[in-house]
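Colleague:
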Ligand SMILES: [Zn+2]
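Residue numbers (the numbering used here): 2 to 107.
Quick look at the structure:
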């Protein structure tokens, strides 16, 4: 679960990076807990301003795993689906060969 303001507190988890992150929200909804209402992000793209790495928010969950865990198996499949789903709204550089991978990467 991410809320937009939380982005100010998050930094890139990549080794020796710690860069600031920006977020592009693709889908969100209002969530109500008791009297309080806040914006919940369903799907978004997080980009590190320093190393250029991208991270997806899939179904409200930010996936910010180390590269090697993202490059294989179920995680790779899920993140690849995310790139395909939002292809028209993600910068071409990331779609093609983003860090750690894009749709044209091996
Ligand atoms: Zn970074």
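Glycine is no exception: its CB is placed at the ideal position from the N, C-alpha and C atoms.
Just curious, the beta strand (DSSP E) that residue 46 is in, first and last residue?
Modeller: Counting from 1 along the chain shown, the entry for residue 46 is found at position 45. Its beta strand (DSSP E) spans residues 37-49.
Colleague: Taking 7 Å as the cut-off, is the C-beta of residue 64 nearer than that to any heavy atom in ligand 1?
Modeller: Counting from 1 along the chain shown, the entry for residue 64 is found at position 63. No, the beta carbon of residue 64 sits no closer than 7 Å to any heavy atom of ligand 1.
Colleague: Pick helix, strand or coil for residue 83, following the three-state DSSP scheme.
Modeller: For the purposes of this step, residue 83 is taken as residue 82 along the chain shown, with counting starting at 1. DSSP places residue 83 in helix when its eight states are reduced to three.
Colleague: Quick one: is the Cβ of residue 54 within less than 7 Å of any heavy atom of ligand 1?
Modeller: For the purposes of this step, residue 54 is taken as the residue at position 53 of the chain shown. At least one heavy atom of ligand 1 is nearer than 7 Å to the Cβ of residue 54, so yes.
Colleague: Can you tell me whether residue 2 is buried or exposed, with buried defined as 16 or more other CB within 10 angstroms of its CB?
Modeller: The residue you call residue 2 lines up with position 1 of the chain shown. Confidence in residue 2 is poor, its pLDDT being 48 and thus under 50, which makes the residue's placement unreliable; the coordinate value appears in the next sentence. Exposed, by the Cβ-count rule.
Colleague: Pick out whichever of 67, 63, 56 has its Cα sitting closest to the Cα of residue 99.
Modeller: Taking the chain shown and counting its residues from 1, one reaches residue 99 at position 98. Nearest neighbour of residue 99 by Cα position, chosen from 67, 63, 56, turns out to be 56.
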